[in-house]
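Numbering (our numbering), first residue to last: 304 to 826. Just so it is clear, CB atoms sit at the ideal spot from N, CA and C, and this is done for glycine as well. Heads up, the thing below is written out as structure tokens.
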Amino acid sequence: MGCGGSKPGSKKAEAPKYGAKVPGKDAGVGAVAKGAGKLTNSVLGKETEDVTNIYTLGRVLGRGQFGTTRLAVHKGTGKEYACKSIGKRKLLTAEDVEDVRREVQIMHHLEGHPNIVKIFGAYEDKHSVHLVMELCSGGELFDRIVARGHYTEKDAAQLIRTIVSVVAHCHHLGVIHRDLKPENFLLADQSERAELKATDFGLSAFFRPGQVYSEILGSAYYIAPEVLRRHYGKEADIWSCGVMLYILLCGVPPFWGETEPQIFDAILKGRLDFDSDPWPAISAEAKDCVKAMLQPDPRRRATADTILQHSWMRENGTASDRPLDNVILTRMRGFAGMNKLKKEALKVIAAGMSPEEIAGLHSLFQSLDLDDTKTITLEELAEGLRKQGSPVAQKELELLLSSIDIDASGTIDYEEFLAATVNLSQLEKEENMYRAFAHFDTDNSGFITEDELEAALRRTGGGNLQTSIREILAEVDKDGDGRIDYQEFCDMMRGQTKHAIEIATKNRDELQSRASKFRKGAY
304 MGCGGSKPGS KKAEAPKYGA KVPGKDAGVG AVAKGAGKLT NSVLGKETED
354 VTNIYTLGRV LGRGQFGTTR LAVHKGTGKE YACKSIGKRK LLTAEDVEDV
404 RREVQIMHHL EGHPNIVKIF GAYEDKHSVH LVMELCSGGE LFDRIVARGH
454 YTEKDAAQLI RTIVSVVAHC HHLGVIHRDL KPENFLLADQ SERAELKATD
504 FGLSAFFRPG QVYSEILGSA YYIAPEVLRR HYGKEADIWS CGVMLYILLC
554 GVPPFWGETE PQIFDAILKG RLDFDSDPWP AISAEAKDCV KAMLQPDPRR
604 RATADTILQH SWMRENGTAS DRPLDNVILT RMRGFAGMNK LKKEALKVIA
654 AGMSPEEIAG LHSLFQSLDL DDTKTITLEE LAEGLRKQGS PVAQKELELL
704 LSSIDIDASG TIDYEEFLAA TVNLSQLEKE ENMYRAFAHF DTDNSGFITE
754 DELEAALRRT GGGNLQTSIR EILAEVDKDG DGRIDYQEFC DMMRGQTKHA
804 IEIATKNRDE LQSRASKFRK GAY
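Below, the structure is given as structure tokens:
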């Protein structure tokens, strides 16, 4: 990223304000095509409907290196979306093609976070790949920063808390972003308090705990020193967040140079300027938060969860003192509190999901399946959660495994793992609900009868069937006619989610309370 501005070695205060017009604002290291190659015939690897059969593509919203984003209006509902069209002729290598596929997989995998742009569909025709996504009409965070110069501490804390919560969500789900910068965060609308939405996961990748990367990617100002040394992991994302926080507070980047090599040299030296204005007026807590994120040694750098619990974040926001739960662990705990019908239904839904929708969960399963036996043992579950920074007590681990182990085999197989960890936003899709209901309604009567319920539960094995059936009907059969209609089924699947998580949390807290009493000799 070439930049006009101060000479090497000049004071940071003399550098032009962040956002001054410079060549290549959107360019990143490794962003250009990596060599010539043949035009690919298929990117998504499957036939899709023509996007123009479903949406009317309108005015251009933005242009990037690989394609154009247009307004898309759904022909049936009139609802507006953004359609990112990627020209296939610009995908010159197999790596370029894989990057597009992986972006689709990762966006599906990360669904459910309120500050991540939602993907509604991926389509392909002869010339382009089209990604239909949530429309954000407020523009880039980059432009908002340029307009304001710098933010108050309270506003900066609120923004960075949102950004780091997105990073925490990614890391919990085994995704490293690798290109965090204000240009990749959009505002939902034009209002002053518009919600922030992360977008552009084109350089993101799935990772396993401890995995090391060597490819230099990202945008110059935001690249971590270990990335330049070609030996990095998810900690590099936190560095990028630290650079953004520094810019939010003072209006200029922490490491300055006229050229990329000069910027990289400044990053490797790692000297932070807290002397120039406005830093003397900024609180010690804010500076400490910046230092924790811009720690040159990635082994000592704060994690996303740690940053969200930093005293400056709590003072200026609403962060809880309670440690954050791993996303996958939270889903497992929610699954543990569900009745057997809902567990089996989620298994059916997971089995019908597309490869791109489950690619992230597949990667997570592989990272937990240490001996590659296609099953997860109690020991592997414990070790995997520990590596992800979420150690769990032995008693709760045993309860989790037995609750997820639907067929009572003593281990968690791939289908059971998918059922327990599937993103519950899948329940919003009507086709998933129909498919799951039809799985149980074997005679196509429009009802799940007691006999059909018994047959389904018998296939899962374990437990007292009649007791389970009575409990399910008591919970789900609202009109008391002894069977479950489609609406009752949907109410169970969609309406009990929070309740199930509350039950799981209560069970966990009860176990922890008992363990504490046991250690104190209360029993």
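Using a Cβ distance threshold of 8 angstroms, determine whether the region 435-443 contacts the region 737-750, with at least three qualifying pairs required.
The region 435-443, when compared against the region 737-750, does not touch it at the 8 angstroms Cβ threshold.
Do the region 544-562 and the region 461-475 make contact, defined as three or more Cβ pairs closer than 8 angstroms?
Yes, they touch.
Terminal residues of the continuous beta strand (DSSP E) containing Ser431?
By one-based count along the sequence shown, residue 431 stands at place 128. Ser431 -> beta strand (DSSP E) spans Ser431 to Met436.
Rounded to the nearest angstrom, what separates Ala336 and Ala397 at their Cα positions?
Numbered from 1 along the sequence shown, position 33 holds the residue referred to as residue 336. Numbered from 1 along the sequence shown, position 94 holds the residue referred to as residue 397. Annotation note: pLDDT 34 at Ala336 (below 50); position unreliable, coordinate value reported separately. Distance between the alpha carbons of Ala336 and Ala397 is about 11 angstroms.
Per DSSP, Leu360 forms a beta bridge with which residues?
Sequence index remark: in the sequence shown, residue 360 carries index 57 (1-based). In DSSP, Leu360 forms a bridge with Ala375.
Near Arg362, which residues of its chain fall below 7 angstroms by C-beta distance, leaving aside the five closest residues on each side in sequence?
The residue labelled residue 362 in the question sits at position 59 within the sequence shown. Once the five neighbours on either side are set aside, the close Cβ partners of Arg362 are Arg373 and Leu374.
Do Ser543 and Lys828 come within 8 angstroms of each other at the CB atom, strictly closer than that value?
In the structure as shown, the chain begins at 304 and stops at 826. Residue 828 is therefore absent and cannot be evaluated.
Around the C-beta of His411, are 16 or more other C-beta atoms found within 10 angstroms, so that it is buried, or is it exposed?
Here residue 411 refers to the residue found at position 108 of the sequence shown. Buried, because 16 or more other Cβ atoms sit within 10 Å of the Cβ of His411.
Use the C-beta contact count for His613: other C-beta atoms within 10 angstroms, 16 or more gives buried, fewer gives exposed.
Position 310 of the sequence shown, counted from the start, is the residue given in the question as residue 613. Counting Cβ neighbours within 10 Å, His613 comes out buried, since at least 16 surround it.
Once you ignore the five residues that flank Thr678 on each side, which residues in its own chain have a CB closer than 6 angstroms to its CB?
Position 375 of the sequence shown, counting from 1, holds the residue named residue 678. Thr714 and Asp716.
Straight-line CA distance for Thr380 to Glu683?
Residue mapping note: residue 380 aligns to position 77 of the sequence shown, counting from 1. Residue mapping note: residue 683 aligns to position 380 of the sequence shown, counting from 1. Those two C-alpha atoms are separated by around 47 angstroms.
Using a 10 Å radius around the Cβ and a threshold of 16 neighbouring Cβ atoms, would you call Lys643 buried or exposed?
For the purposes of this step, residue 643 is identified with residue 340 of the sequence shown, where counting begins at 1. Buried.
For Leu548, report the span of its alpha helix (DSSP H) as first-last.
Walking along the sequence shown from the start, residue 548 turns up at place 245. First-last of the alpha helix (DSSP H) with Leu548: Glu538 to Cys553.
In the DSSP assignment, find the unbroken beta strand (DSSP E) run with Gly390 in it and report its ends.
Numbered from 1 along the sequence shown, position 87 holds the residue referred to as residue 390. Run containing Gly390: Glu383 to Gly390, per the beta strand (DSSP E) assignment.
I need the straight-line Cα distance from Ala508 to Leu499, nearest angstrom please.
If you number the sequence shown from 1, residue 508 lands on position 205. If you number the sequence shown from 1, residue 499 lands on position 196. For Ala508 and Leu499, the distance between alpha carbons rounds to 22 angstroms.
Look up Gln799 in the DSSP assignment and say whether it is helix, strand or coil.
Counting from 1 along the sequence shown, the entry for residue 799 is found at position 496. Per-residue confidence for Gln799 stands at a pLDDT of 47, beneath the threshold of 50, marking its modelled position as unreliable; the derived number appears in the next sentence. Coil.
Alpha carbon to alpha carbon, how far is Ala648 from Arg761? Give it in angstroms, no decimals.
Mapped onto the sequence shown, residue 761 falls at position 458. Mapped onto the sequence shown, residue 648 falls at position 345. Cα-Cα distance, rounded: 14 angstroms.
Classify Asp788 as helix, strand or coil using the three-state DSSP reduction.
Here the question's residue 788 lines up with position 485 in the sequence shown. In this structure, Asp788 counts as strand in the three-state DSSP scheme.
Using C-beta distances below 8 angstroms, list every residue in its chain close to Asp353, excluding the 5 sequence neighbours before and after it, in chain order.
Taking the first residue of the sequence shown as position 1, residue 353 is located at position 50. Result list for Asp353: Tyr426 and Asp428, in chain order.
Measuring only from the beta carbon, is Leu776 closer than 7 angstroms to any heavy atom that is part of the ligand ADP?
Only the bare structure without any ligand can be found here, which leaves the ligand ADP out of the picture.
Unbroken alpha helix (DSSP H) runs of length 4 or more, entirely within the region 465-548: which are they?
Counting only runs of 4 or more, we get 528-531.
Inspect the beta-carbon positions of Asp266 and Leu520 and report whether they are closer than 8 angstroms.
Since the first residue shown for the chain is 304 and the last is 826, residue 266 is missing from the structure and cannot be characterised.
Give me the Cα-Cα distance between Asp780 and Cys793, rounded to the nearest whole angstrom.
By one-based count along the sequence shown, residue 780 stands at place 477. By one-based count along the sequence shown, residue 793 stands at place 490. Approximately 11 angstroms between the Cα atoms of the pair.
Just to confirm, are Val403 and Ile389 a CB contact at a threshold of 8 angstroms?
The residue you call residue 403 lines up with position 100 of the sequence shown. The residue you call residue 389 lines up with position 86 of the sequence shown. Contact: yes.
In whole angstroms, what is the alpha-carbon distance linking His475 and Glu734?
What you label residue 475 is simply residue 172 of the sequence shown in a count that begins at 1. What you label residue 734 is simply residue 431 of the sequence shown in a count that begins at 1. Spanning the two alpha carbons is a distance of roughly 28 angstroms.
Quick test of your reading: Val469 and His416, contact by CB under 8 angstroms. State the CB separation rounded to the nearest angstrom.
On the sequence shown, residue 469 is found 166 positions in, with the first residue counted as 1. On the sequence shown, residue 416 is found 113 positions in, with the first residue counted as 1. Indeed, because the Cβ distance is near 6 angstroms, the residues count as touching under 8 angstroms.
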